[in-house]
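Asker: Chain order of the listed sequences is A and B. According to my numbering, the residues represented by the first sequence are 1 to 320, in order. According to my numbering, the residues represented by the second sequence are 1001 to 1271, in order. Quick reminder that beta carbons are idealized off the backbone N, C-alpha and C, glycines included. As the structure is a computational prediction, the values presented were derived from the model and not from experiment.
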Amino acid sequence: MTARVLAFLLRAVASAWLAVTVTFVLLRLLPGDGLTAQLRESGAPDSVIAERQAALGLDAPLPVQYGRYIAALLRGDLGVSLLNGQPVSELMGAQVWATVELAIASLMVGTVLGVGIGYVGGQSALQRYKVSSRAVPDGLRNIAGIVATVALSAPVMWTGTLAVWLFAARLDWLPAGGAGRLSQLILPALVLGFATAGGVAQVTQRALGAIGREAFVQTAIAKGLSEWVVGFRHVLRVALPLIITQMSIQAGFLLSGAVVTESMFSRPGIGRLLLDAVLRQDYLLVQGIVVWMSLVVIAATALADGLALLTDARLRQSML
Amino acid sequence: MKSRLGAISPLVVVLLAVLLAPIAAPYDPMATDTSAQFQAPSAAHWLGTDQFGRDVLSRLLHGGQRTLFVTLAATGIAAAVGTLLGMMSAYRSNETGVSHPGDWIAFGAGVIVSALFAVPALVLALALVTLLGTGLPSLAIATGVSQIAPFARLVAAAARQAAAMPYVEAARSLGAREARITWQHVLPNLLPTLLSATVIAFAYCLLNSAALSFLGLGAPPGQPDWGAMLYEGRQVFRVAIWVGLASGSAITILVWLAIWTADRVDFSSQQ
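1) Identify the residues that DSSP records as bridge partners of B/Thr1049: which are they?
2) Classify B/Ser1268: buried if its beta carbon has 16 or more other beta carbons within 10 angstroms, exposed otherwise.
3) Tell me, which residues are paired with A/Val80 by DSSP?
4) On the premise that A/Thr204 lies in contact with A/Ala239, defined as a C-beta separation below 8 Å, what is that separation, rounded to the nearest angstrom?
5) What's the gap between the Cα of A/Trp292 and the Cα of A/Pro241?
6) Under a CB-based cut-off of 8 Å, is B/Ser1269 close to chain A?
7) Write down the C-beta distance between B/Asp983 and B/Val1243 rounded to the nearest angstrom, noting that I regard them as a contact closer than 8 Å.
8) When the Cα of B/Leu1206 is compared with those of B/Met1087, B/Ala1115, B/Leu1191 and B/Ala1121, which residue comes out closest?
9) Please report the residue range of the alpha helix (DSSP H) in which B/Phe1107 lies.
10) Leaving out five residues before and five after B/Ala1203 in sequence, what residues of the same chain have Cβ atoms less than 7 Å from its Cβ?
11) Would you check if the distance between the CB atom of A/Leu275 and the CB atom of B/Leu1215 is smaller than 8 Å?
12) Around the C-beta of B/Gly1133, are 16 or more other C-beta atoms found within 10 angstroms, so that it is buried, or is it exposed?
13) Give the residues of chain B in contact with A/Ser256, contact being defined as C-beta atoms less than 7 Å apart.
14) Can you name, in chain order, every residue of its own chain whose Cβ lies under 8 Å from the Cβ of A/Gly145, other than the five neighbours on each side?
15) Can you tell me the Cα-Cα spacing of A/Ala125 and A/Val147, whole angstroms?
16) Report the residue from B/Ala1090, B/Ser1249 and B/Phe1237 whose alpha carbon sits nearest the alpha carbon of B/Gly1161.
17) Just the C-alpha distance for A/Ala215 and A/Ala207, rounded to the nearest angstrom, thanks.
18) Helix, strand or coil, according to DSSP, for B/Tyr1231 in the structure here?
19) List, in order along the chain, the chain B residues whose C-beta lies closer than 7 Å to that of A/Ala169?
20) Quick one, which residues of the region 1245 to 1258 of chain B are near chain A if we go by CB-CB under 9 Å, in chain order?
21) Quick one: what's got a C-beta closer than 7 Å to B/Phe1107's C-beta in the same chain, skipping five residues either side?
22) So, is the C-beta of A/Ile298 closer than 8 Å to a C-beta in chain B?
23) How long is the line joining the alpha carbons of A/Gln246 and B/Leu1060, rounded to whole angstroms?
24) Given A/Ala169, which residues of its chain have a CB within under 8 Å of its CB, disregarding the five upstream and five downstream residues?
25) Confirm, please, whether the CB-CB distance from A/Thr261 to A/Pro155 is below 8 Å.
26) Give every residue of the same chain whose Cβ lies closer than 6 Å to the Cβ of B/Ala1156, excluding the five residues on either side of it in the sequence, and list them in chain order.
See below:
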């Protein structure tokens, strides 16, 4: 057990270090950056440019810069913006809650919708293994299948446009963008959550089919336990670790999707900040945000591993 | 082999059709006509017109070709580098106790894959665009590189499974060298996995390159492109929903077709 926990903590730390390193290396590969371009455009002489670069520590050899960067990161310092010298953590701090709010709301939408669709889709398998006797109407099953397929294939940009067209322009129920009020969170969360629901539904459906035929489920049915008890306590309970793992995989997708969603719904947030930094070639800010996002994803994965360990007795058993 | 060909052919036919589609375009995709702004779909303009009076159908057909070129280039990068890294990271020398140079290569390849995997795909692509600048070639490279890690993981998992097969044992006992076993015995047997992983990579490359293009990092403004058309559609959704509807549906259908194909290729390999 301790070995298992240590192993996945070690893995998380190693992944974090790798993500930091790959970001650092990638963004230092080519010369030419927003700062130099901006200063040159404003007619600043080379000496001024060199001075600014020295002030930011960009004139040091790469290994030295890398060492300084890692040391600063360990102190929780993500560096400064190349263009205005503001600390990255300050810039991000102003935006982070809008993204956290969107991510949590989307995750809730995606989980409820995904598990629901997957449960409906998995009913025919459960029926085959006699876990469930109620037949799901064909219509409902087809709708669940179509929704899962569209959720998996449709780009967020498209579902988002359709959603604002329907709910903001046609029905006039919800605002088309902005942030601050709860009503402005609903549409973006539905759109981003819908996109994550496809994967969750797929995993849920496959898990139900695979678990339904297992001996412990068949034993529970043979003992005469009610369908509800078998369905929830045996089947869904065992599917839980798989669903949690799938949700942690969605963490990276949520951050990627936040870039698109925030820009299309004119919301503030880390995704918008990242896009602006990319467009201005502020690679120090890009580096800070990418590193932060990777760390969030790695933390989410570690958290899911931990939760899977808590919810899946077989995993604990195998490590003892 | 026949069923695998059957599984992949609908996708290939559709891709060829999209590549050749500009021939069928009824209008010049760049021709503006201010008197024909925001026209709803009609007999003259099947999919309507946009804010500059340009024919949406013609832009869809021309844009599809451009979007597909970028996506196919990206898929090629992901598949080529992903196969190489995946095969290398799955390599295990049989010599116990002695550290073989091959083991170090495998370790290095595994580290690179893990590092790339730690950064979310679209975020990695955005970081690469910062480095490479905007434009279609950098879009293709950025999207392709961001799909290398998932591709390599699939290949590595399949290669490790294949390495335990009797034919590998047989080749080894005949005195074949490890490199020969890896590339000439294991790799050809991974064909269904590679095919299915390539189709999946294609789906994600399409979604991500369209997203980057939507964010304004792709083709120069005005050029038809599915992602850019979605952006235009988002701007004018109150008056002309059809502008974004067409390209969004096209992307969705193509991604769905790719996922469906990948499933079928996978199943035919299991039977």
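Answerer: Well, looking at it:
1) B/Asp1055
2) Here the model assigns B/Ser1268 a pLDDT of 43, short of 50, so the residue's position is not dependable and the matter cannot be decided.
3) A/Pro87
4) 6 Å
5) 26 Å
6) Confidence is the limiting factor: at B/Ser1269 the pLDDT is only 45, short of 50, which leaves the residue's position unreliable, though a coordinate-based value still follows. By this cut-off, B/Ser1269 is not an interface position.
7) The structure shown has nothing for residue 983 of chain B, since chain B only spans 1001 to 1271.
8) B/Ala1121
9) Pro1101 to Phe1117
10) Val1255, Ala1258 and Ile1259
11) yes
12) exposed
13) Pro1120, Ala1121, Leu1122 and Val1123
14) Gly121
15) 19 Å
16) Note on identity: in this sequence residue 1161 of chain B is Gln, with Gly being the wrong assignment. Closest by alpha carbon: B/Ala1090.
17) 15 Å
18) helix
19) Phe1237 and Arg1238
20) Leu1245, Ser1247, Gly1248, Ser1249, Ile1251, Thr1252, Ile1253, Leu1254, Val1255, Trp1256, Leu1257 and Ala1258
21) none
22) yes
23) 35 Å
24) Ala176
25) no
26) Gly1086, Ser1089 and Ala1090
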